[in-house]
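Quick note: the sequence shown uses my numbering, first residue 2, plus one each step. Beta carbons: idealized from backbone N, C-alpha and C, even for Gly. Remember, it's a predicted structure, so these values are computed and weren't measured experimentally.
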Amino acid sequence: MRKENAALAGYITKGYAQECASLADAAAFLKVDAKVVEETMSAYNKAVETGKDELFGRTHLSVSLAEGPFYLLKVTPSIHHTMGGLKIDKQAHVLNEDGEIIQGLYAAGEVTGGIHGANRIGGNAVTDIIVFGRIAGQTAAAEVK
């Protein structure tokens, strides 16, 4: 796997991922009970083999994890995207609660609200940032003159 995946090798080199030869090594690295890890992985691999996940009810278990090496990555929750924020007009002026322009204040990107509607479509944030960032810059430059 590592030879086929340059990104994984980079993550290991940078310390974002850990390669473990066995589940016992993985348990030691994680500082958890090796017996629990072995039992959990055994149950998972049985679910892959039988196609029935008694514990979680998953239906798409196509990859057995019976043999190492195993690759561990730290995963933590984070904020990916927020809905809501500063209200802007078409020229990227920030508007106050009465809908009036706040002179000299411009905004673009995820600090703004209402651009995406009730839900955002993946990838749209990049377009929003580029388009309104440019508009905000042009508007600010024109109004400084």
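Are the Cβ atoms of residue i and residue j separated by less than 8 Å?
i	j	result
GLU55	GLY86	no
LEU74	TYR17	yes
ALA109	ALA137	yes
Could you please give the first and the last residue of the uninterrupted alpha helix (DSSP H) stretch that includes residue i?
i	result
PHE31	First, the residue type needs correcting, since residue 31 is Leu and not Phe in the sequence shown. 24-31 is the span of the alpha helix (DSSP H), which, as asked, contains LEU31.
Using only the alpha-carbon positions, how far apart do residue i and residue j sit?
i	j	result
VAL132	ASP26	49 Å
HIS94	VAL127	19 Å
THR41	PRO78	23 Å
SER43	CYS21	17 Å
LYS91	GLU101	13 Å
THR51	THR60	11 Å
ARG135	GLU98	24 Å
VAL33	ALA141	56 Å
LEU96	LYS146	21 Å
ILE13	ILE122	32 Å
LYS47	VAL38	14 Å
ALA35	GLN19	17 Å
SER65	PHE57	16 Å
Can you tell me which of the three DSSP states residue i falls into?
i	result
TYR17	coil
PHE133	helix
LEU96	strand
THR174	With the chain covering only 2 through 146, there is no way to say anything about residue 174.
LEU66	coil
GLY138	helix
THR83	coil
THR41	helix
LEU9	helix
THR113	strand
On a Cα-Cα basis, can you pick out the residue from the options that is closest to residue i?
i	options	result
ILE116	LYS88, ALA22, ALA10 and GLY16	LYS88
TYR72	LEU9, GLU144 and VAL33	LEU9
LEU31	VAL76, ILE80 and HIS81	VAL76
SER63	VAL49, PRO70, PHE57 and GLY69	VAL49
GLY124	HIS82, GLY114 and ILE13	HIS82
TYR45	ALA7, GLY114 and GLU68	GLU68
ILE130	PHE57, THR113 and VAL145	THR113
ILE103	GLU144, PRO70, LEU24 and SER65	GLU144
PRO70	ALA7, LEU24, GLY11 and GLU39	LEU24
What span of residues does the beta strand (DSSP E) with residue i cover, start to end?
i	result
GLY105	102-107
PHE71	71-74
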